[in-house]
Amino acid sequence: MSITVTFPDGNTRVYPQGTSGMMVAESISKSLAKAAIAIRVNGQLRDLSRPIDEDADIAILRREDAEAVELIRHDCAHVLAEAVQKLYPGTQVTIGPNIENGFFYDFARNEPFTMEDLPGIEAEMRKIIERGDRFEREVWDRDQAIAYFTEKGELYKAELIRDLPETETITIYRQGEWLDLCRGPHMPATKQIGGAFKLMKVAGAYWRGDSSKAMLTRIYGTAWRTQEELDAYLTQIEEAEKRDHRKLGREMDLFHLQDEAQGSVFWHPKGYAIWLALEAYVRRRLRDNGYIEVKTPQLMDSRFWEQSGHWGKYRENMFVVPDVVPNTEEGGRVFKEEPKHFMALKPMNCPAHVQIFKQGIKSYRDLPIRMAEFGCCHRNEAHGALHGLMRVRQFTQDDAHIFCREDQIASESLAFCELLRAMYTDLGFTNMKVRLATRPEKRVGSEESWDYAENALRQALESAGLAYEIAPGDGAFYGPKLEFHILDAIGRSWTCGTLQLDPNLPERLDASYIGEDGARHRPLMLHRAILGSIERFIGIMIENYAGKLPLWLAPVQCVVATITSDADVYAHEVYHKLKAAGLRVELDVRNEKINYKVREHSVAKVPVMFVVGKREAEEEKVAIRRLGSQEQQFDGLSQAVAGLTAECQPPY
RNA sequence: GCUGCUGUAGCUCAGUGGUAGAGCGUACCCUUGGUAAGGGUAAGGCCGAGAGUUCAAUCCUCUCCAGCAGCACCA
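For the first sequence, this note's numbering begins at 5 and goes up steadily by one.
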């Protein structure tokens with residue numbers, strides 16, 4: 005029997021049935037056989053050693069191919085596991101998948117690994133790779149495999165196998181003496197992993213991602229095809245660290261956090277200047293898109309939250325305040341009496357917006373109502389979740405709820421998508437990913453209403469010309485949603501915007517309007533945000549721009565700095581002119597050399613300096629120095645002020 | 001919340017069982033210097049909080065708090 009294989013270029017060759025991938029590679033050329041690490045058979049990646057039993061489209065994967073890195077990483081994880089078990093006998097292996105930029109392996113060990121253990125493990129890994137054993141694939145009997153691992157004390161592995169579907173073939177990969185349960189494929193030998201890998205960090209992780217299960221110890225690693233790729237990755241990590249908004253926030257004096265208000269931000273004048281500029285921009289955009297702006301209470305009675313449904317489901321993450329008079333007695337109890345009534349800080353704005361909607365009688369002619377609020381919300385986030393500006397307990401959403409009729413969903417969604425895209429473009433994010441999250445398993449509402457809602461959102465995306473992917477089952481229990489992810493300058497993705505369709509809350513809170521037919525109808529609600537949390541969005545902006553915010557958002561747009569004290573009087577004049585033009589400007593007349601001043605304001609990421617010395621004072625000019633440029637530009641004072649003022653205008 | 005690591009001057013970090021040090025920053029003095037660090041002097045610390053061991057604790061042990069990295073969570 006023979007088989008015909010088709011190569012990517014369309015050529016075909018005939019081989020005896022059962023020919024292995026490696027044999028195919030060898031039949032083509034020695035060099036290919038040497039470079040080959042795996043084979044794609046009818047789209048599926050396989051070991052080179054496995055026989056090909058039928059006609060197939062094949063492609064031989066070489067180590068230098070882009071996809072090879074996935075195999076390198078997973079092979080590396082196996083080697084890591086072997087190294088760990090050699091150096092730390094009694095450690096159980098669990099799982100070791102690939103992740104973005106690398107891999108990890110979770111181990112069960114009484115004493116967790118520390119960073120100090122990593123160099124030793126890495127050295128052992130290099131020895132194993134140098135030894136160069138072949139990866140041998142074996143098919144085992146299920147019960148035999150369970151017995152083997154149980155007997156060996158590898159209880160997690162045994163559990164894994166036990167939970168595999170009956171139909172699954174149990175495969176084992178062996179490298180020398182060591183073996184692991186694995187689906188594969190692997191490269192022919194450990195040697196092909198090469199040396200471009202590094203163990204990065206250790207961390208705890210729950211067995212099977214379940215916080216009620218055992219805590220394992222995880223070792224993260226990164227692996228690449230070449231040393232150059234590894235170095236580039238390590239450099240990129242350093243870059244990301246330099247951009248850390250917590251570090252820049254301190255250096256640029258934008259905000260701080262402290263123990264007494266963990267998770268809530270103290271905005272310094274410069275940080276708040278960014279906030280105000282951003283908020284004013286959003287407000288102009290909303291105003292011109294037919295939104296009305298409201299402000300609703302921070303603190304509301306628990307029965308309000310019971311009605312909205314949050315009390316039952318999310319109380320754990322709410323700040324609850326007893327509605328009783330505190331005791332003022334020295335050393336006494338905090339409250340005079342046991343609290344019976346509670347209030348809660350709002351975790352979201354929507355129920356309050358429904359209250360405003362419900363005042364008076366609404367007609368179908370009033371819809372849509374686009375109700376916006378820079379809503380300050382509190383959520384009692386887990387301590388371990390808090391992270392700078394990115395995850396806080398008090399945050400402000402650029403929130404709005406659109407109350408509309410079903411036939412308005414599509415046009416409102418489209419308008420929202422267009423507004424969102426325009427705003428992201430203004431803010432410097434042109435790369436965006438959109439996900440349409442569809443009906444989850446547990447849901448309310450009829451199939452027809454879900455069909456309608458999902459279609460309306462899909463239509464909006466298509467009309468807006470936005471590419472999207474479907475996230476099946478990721479919708480909220482009450483309706484589908486759109487998630488908008490922006491990509492930052494170093495390729496990280498952040499979920500910011502959202503559009504959620506909600507027929508549920510108006511029902512719960514009994515909101516209605518009078519339709520054309522004179523009867524009462526339920527409006528639909530669209531929850532929507534573009535920046536999401538303003539705190540977090542500023543954090544993202546700081547990291548995206550590495551602190552060098554666009555002029556209109558820069559906390560200090562210009563510093564007027566003198567070269568000698570002879571120019572002090574003139575510098576004051578320049579400063580006041582810029583201030584009068586509405587710019588955020590500072591004056592630096594300190595007794596310091598100009599080199600020093602330039603350095604300091606450059607480090608502080610001030611985008612523009614107006615440098616004035618004796619010459620400029622005499623000629624009524626300024627020397628303009630821009631951040632990151634060595635050059636200077638000399639302009640007359642009024643021209644320079646007008647020019648900079650124009651440059652500092654917001655994009656909208 | 002879970003696991004691990006960390007907590008020393010405003011910031012970044014050394015250090016030691018006998019109650020502390022550097023650089024930057026700050027104040028003052030000298031210096032008036034033309035585009036990324038001029039020089040000097042000084043001030044500045046309950047060594048995260050509490051308890052224990054010890055003649056003696058910033059250092060060792062325990063508890064707590066906070067930060068960091070993951071995990072879990074994120075209406």
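For each residue, glycine too, the CB sits at the ideal point set by N, CA and C.
Who pairs with residue i in a beta bridge, going by DSSP?
i, result
"N102", "F107"
"M347", "D305 and V325"
"D61", "T10"
"H249", "Bridge partners of H249: none, in fact."
"T400", "C380"
"F339", "P330"
"E487", "R439 and T502"
"E620", "Per DSSP, none; premise fails for E620."
"E590", "V563"
"I474", "L440"
"A533", "D403 and T502"
"G225", "F107 and L203"
"F481", "For F481, which the question treats as bridged, DSSP gives no partner whatsoever."
Hey, would you say residue i sits closer than 7 Å to residue j, going by beta carbons?
i, j, result
"R141", "Y109", "no"
"Y472", "L440", "yes"
"V609", "A571", "A quick correction: the sequence has Lys, not Val, at residue 609. No, these two residues do not count as a Cβ contact at 7 Å."
"R374", "I406", "yes"
"V9", "I43", "no"
"D51", "G180", "no"
"G100", "A81", "yes"
"I278", "L557", "yes"
"I125", "T194", "no"
"E128", "A87", "yes"
"I41", "L75", "yes"
"V564", "L587", "no"
"E651", "L555", "yes"
"A376", "E297", "yes"
"R443", "W454", "yes"
"W211", "A218", "yes"
"P484", "L505", "yes"
"H574", "A621", "The sequence given here places Tyr at residue 574; His does not occur at that position. Yes, the Cβ-Cβ distance between Y574 and A621 is below 7 Å."
"I494", "A244", "yes"
"H272", "E547", "no"
Thinking just about the alpha-carbon of each residue, which of the options is nearest to the one in residue i?
i, options, result
"D514", "Y579, A523, P527 and E232", "P527"
"R393", "L36, R540 and S33", "The sequence shown places Leu at residue 393, rather than the Arg named in the question. L393 has its Cα closest to that of R540, out of L36, R540 and S33."
"M119", "E158, T221, F201 and S24", "T221"
"H576", "K597, F11, E255 and V615", "V615"
"G551", "E255, A149 and Y456", "E255"
"I490", "R395, V143, L84 and K437", "K437"
"I534", "L423, R397 and K597", "L423"
"M26", "E233, I56, A584 and F361", "I56"
"P654", "G106, T429, R307 and F117", "T429"
"D184", "F201, T226, R594 and T98", "T98"
"P326", "E624, R307 and Q240", "R307"
"A207", "L159, P273 and L122", "L122"
Give every residue of the same chain whose Cβ lies closer than 7 Å to the Cβ of residue i, excluding the five residues on either side of it in the sequence, and list them in chain order.
i, result
"L685", "Outside the displayed range of the chain (5 to 656) lies residue 685, so it cannot be described from this structure."
"E416", "P372, I406, C408 and L530"
"I544", "D492 and W498"
"G294", "R374"
Here's a check: name, in chain order, each residue in its chain whose Cβ is nearer than 6 Å to the Cβ of residue i, leaving out the five neighbours to either side.
i, result
"G275", "L258 and F259"
"S31", "none"
"I538", "T400"
"E264", "none"
"K205", "Y224"
Within the present structure, is the beta-carbon of residue i separated from the nearest heavy atom of the ligand COA by less than 6 Å?
i, result
"I546", "Judged by which ligands are present, the structure shown has none, so any question about the ligand COA falls away."
To which residues of the same chain is residue i closer than 8 Å at the C-beta, ignoring the five residues directly before and after it?
i, result
"A39", "R66, R67 and E68"
"G199", "R130, I133 and Q231"
"H345", "D305, S306, P326, D327 and V328"
Within the stretch 553 to 586, ranges of the beta strand (DSSP E) (whole runs, at least 3 residues): 562 to 566
Hey, which unbroken runs of the alpha helix (DSSP H) at 4 residues or more fall wholly within the stretch 159 to 219? 159 to 167
Residue ranges of each beta strand (DSSP E) within the stretch 401 to 468, 3 or longer: 436 to 441
Could I get the ranges of all uninterrupted alpha helix (DSSP H) runs contained in the stretch 32 to 56, with 4 residues as the minimum, in chain order? 34 to 39
In chain order, which alpha helix (DSSP H) runs of at least 4 residues are fully inside the stretch 118 to 161? 121 to 135 and 146 to 156
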